[in-house]
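Read the structure below first, then the notes.
2 protein chains.
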Amino acid sequence: MSLSENTNTDAIKRRGRPPAFNHDEALEKAMQTFWKYGYEGTSMAALIEAMDMNKPSIYAAFGNKEVLFNQVLDKYLSGPSAFVKGAIAEPTSYLVAKKFLTKAVELLTEHQNPRGCMIVQGALSCGPEAEMIQKKLISYRANLEENFKVRFDIAKDNKDLPDDTNTTALAKYVTTLHQGISVQASSGASKDALMGIVDIAMQNWPMPFKKVKL
Amino acid sequence: MSLSENTNTDAIKRRGRPPAFNHDEALEKAMQTFWKYGYEGTSMAALIEAMDMNKPSIYAAFGNKEVLFNQVLDKYLSGPSAFVKGAIAEPTSYLVAKKFLTKAVELLTEHQNPRGCMIVQGALSCGPEAEMIQKKLISYRANLEENFKVRFDIAKDNKDLPDDTNTTALAKYVTTLHQGISVQASSGASKDALMGIVDIAMQNWPMPFKKVKL
DNA sequence: GTATTTACATACCGATTGGTACAAATAAAA
DNA sequence: TTTTATTTGTACCAATCGGTATGTAAATAC
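These protein sequences, in sequence, are chains D and G. Residue numbers for the first sequence follow my numbering, beginning at 20 and rising by one. Residue numbers for the second sequence follow my numbering, beginning at 20 and rising by one.
Laid out in C-alpha cells, this is it:
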C-alpha cells in the first residue's frame, strides 16, 4: 500500500500513526514548486497539492513556509546545484568557467526541470514579506562569486591566468553570464541557443601567454 | 493650492469635481513601485500610498492592476528604457552593443532608481495570476533581442561584422549580459563593477578583419 | 483489552488580496 | 439656485493569504 514507506530509521518501530508521506519525496515536490513559481509565487495551497499533504502535516514536518523554503534550498544546493563544486575543481580557470556555464545550461534547460535557476529567480523582485529570503539568495549568489574569485586567484598564482587579471571582475563576469542564462532559460531559450552564448562568452578568456585568436 | 494642476487639455473647463492628482505624476509613482517590487510584489495598498490616491480613483483613472501595469510599461519604455533606440542607432555593431550595455549599467545602478530592469525582473518567477504579464515581458525581451539581430545583420551586410557571424547568437549574447547585469544590479552590484563586466564582455567582439588581441 | 503516542483531516483564524457600491464633495451648466 | 457631471473617501465585498485548534484515525506500549 502507498503508506508503507517510512522515512525514519529502518527497524525501530515508531509509536504513533505512521506518516502517509515520504519526507524526501515531499521535499522534492516542494522544491519543484518553489523552483517553478518562486518563493512568493508559491502558495501554501500549491504546496499542499504538490506535496500531497494537508497543511498541518506540512507544518508539523517542515515548519512554516520560510523554514520549508530553507530546507528546499539545502536540497537544491546538494542536488541540482551540486555540479558547481565539480566545476570549481577543474584544473584550469578556463575549464572551471566553461564547465560551470555548460553544466548550468544543461540543468536550466532540462525539460523535466522548471526553467531557470531557483537561487537566481526564487526571490528576485518581491514584496517586503520575502525580504529575508531575497537577502539569503543574494548572499548565496555573492558567495558563489567569491568562490570563483578565490579559484581564479589560485589560477593566477599558478600562471594559469595573466598576472594582471582582475579576478574579481572575471568572477563577476561568470556569475553575470550565469544569471543572464537563467533568465533566458526561464523565458524559454533552448539549450543549443544558450550553449552558443557560452561559446561566445568563453572566446575571450584571458590566457597567460598571449595567444592569437584563430 | 496643491490640486490646481489638471492633466487635461488646457483651457477647457471640465464639468465635475477636479481631480486631486496629476495623471503623469501618479503614473510615475506607480512605475517606481512596480519597478522596485515587481508586478506580484506590488500590492494595491502599496500603490495607494505611493500614488497618494484612494483605490476607486486609481481604478477610475487607470483601470485595474494589470491595466495600470501596462501603462507603466509604456512609460518605462518611453522613459528609462528609451536609450535603447539610441544605442541601436550607433554606427557600428561594436558601438551598438557597447553603448547599450553601458547605458543599461548607468540606468540600473542609478541611485535614485530602483535597482534592476523592470522588464527583466517585473514578473520573472511568479504565480499563475501574473502569467499574462510574465508572457508580455518575455515577448518584450524577445523583441529587443530580435532588434539586435536585425541590426547585426545589417552590420554584416556592411562588412562591419565577419560574414560567418551568427547574428542570432550574438544578439542573444548581448541580451543575456543585459539580463545578468540586471540581476546583479538588483543584488546591489556597483556601477563600477558592472562596467568592468561590460569591458570584459566587449573584448571579444567579432571584427571583420581578424584583429589580434592586444 | 486500555493507555499513549503520533499523524491525518476538517474546519477555522485574522489579515490581506484585488476590486466595488455608494454617498458626500466640488466643479460647471442650466 | 437647481441640475448635472465628475472625483473623492469610506466602507464594504468575496477570495485567498499564511497559519492553527481540535477531534479522529492508526500505530505501539502496557
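Virtual Cβ for every residue (Gly too), placed ideally from N, Cα, C.
With a contact defined as Cβ atoms closer than 8 angstroms, residue 201 of chain D and residue 136 of chain D qualify at about 4 angstroms.
Per the Cβ contact rule, the segment 66 to 82 of chain G is in contact with the segment 38 to 53 of chain G (3 or more Cβ pairs under 8 angstroms).
Contact between residue 134 of chain G and residue 205 of chain G is confirmed by a C-beta separation of about 5 angstroms, below the 8 angstroms threshold.
Residue 123 of chain G is positioned such that its CB atom lies closer than 7 angstroms to that of residue 197 of chain G.
For residue 125 of chain D, the enclosing alpha helix (DSSP H) begins and ends at 112 to 128. For residue 196 of chain D, the chain G residues whose Cβ falls inside 8 angstroms of its Cβ are 195, 196, 199, in order along the chain. For residue 49 of chain D against residue 69 of chain D, the beta-carbon gap comes to about 7 angstroms, under 8 angstroms, which counts as contact. The contact set of residue 160 of chain G on chain D, defined by CB atoms closer than 7 angstroms, consists of 206 in chain order. Shown here, residue 180 of chain G sits in coil according to DSSP, grouped into three states, outside any helix or strand. With contact defined as three or more Cβ pairs closer than 8 angstroms, the segment 156 to 173 of chain G and the segment 181 to 196 of chain G are in contact. The residue among D/101, D/170, D/53 with its C-alpha nearest the C-alpha of residue 86 of chain D is D/53. Interface criterion not met: the Cβ of residue 113 of chain D is under 7 angstroms from no Cβ in chain G. Per DSSP, the unbroken alpha helix (DSSP H) holding residue 81 of chain G starts and ends at 74 to 81. At least 7 angstroms separates the CB of residue 131 of chain D from every CB of chain G. Of the other Cβ atoms in all chains shown, 16 or more fall within 10 Å of the Cβ of residue 117 of chain D; this residue is therefore buried. Considering only D/218, D/92, D/224, D/111, the residue with the shortest C-alpha distance to residue 170 of chain D is D/111. Going by beta carbons, residue 126 of chain G and residue 99 of chain G fall inside the 7 angstroms limit. The Cβ neighbour count for residue 150 of chain G, taken over all protein chains shown within 10 Å, is under 16; the residue is labelled exposed.
For the segment 42 to 59 of chain D, the residues whose beta carbon sits under 8 angstroms from a beta carbon of chain G are, in order, 55, 56, 57, 59. For residue 223 of chain D, the C-beta contacts it makes with chain G under 7 angstroms involve 222, 223, in order along the chain. Nearest to residue 141 of chain G by C-alpha distance, out of G/51, G/34, G/33, G/35, is G/51. Taking 8 angstroms as the upper bound for CB-CB distance, residue 66 of chain D and residue 77 of chain D are in contact here, some 6 angstroms apart.
With fewer than 16 neighbouring CB atoms inside 10 Å of its own CB, residue 158 of chain D falls in the exposed class. Look at the segment 90 to 106 of chain D: it has no residue with a C-beta under 8 angstroms from a C-beta of chain G.
Against residue 191 of chain G, the close residues of chain D are 203, 208, 212, 213, 215, 216, 219, in the order they occur along the chain (beta-carbon pairs closer than 9 angstroms). A direct Cα-to-Cα measurement between residue 58 of chain D and residue 144 of chain D gives close to 10 angstroms. Against chain D, the beta carbon of residue 157 of chain G has neighbours under 8 angstroms at 206, 207, listed in chain order.
Residues of chain D whose Cβ lies closer than 8 angstroms to the Cβ of residue 143 of chain G are, in chain order, 57, 135, 140, 143, 144, 202, 205. By alpha-carbon distance to residue 55 of chain G, the top candidate from D/55, D/147, D/41, D/115 is D/147. Here residue 75 of chain G is exposed: its Cβ has fewer than 16 other Cβ atoms, across all protein chains shown, within 10 Å.
Not a single C-beta of chain G is nearer than 7 angstroms to the C-beta of residue 123 of chain D.
DSSP places residue 40 of chain G outside both helix and strand once states are collapsed to three, so it counts as coil. Along the length of the segment 198 to 229 of chain D, whole beta strand (DSSP E) runs at least 3 residues long do not occur.
Contacts between residue 185 of chain D and chain G, judged by CB atoms closer than 8 angstroms, involve 215 in chain order. Taking 9 angstroms as the upper bound on Cβ-Cβ separation, chain G lies near residues 60, 61, 62, 65 of the segment 60 to 85 of chain D.
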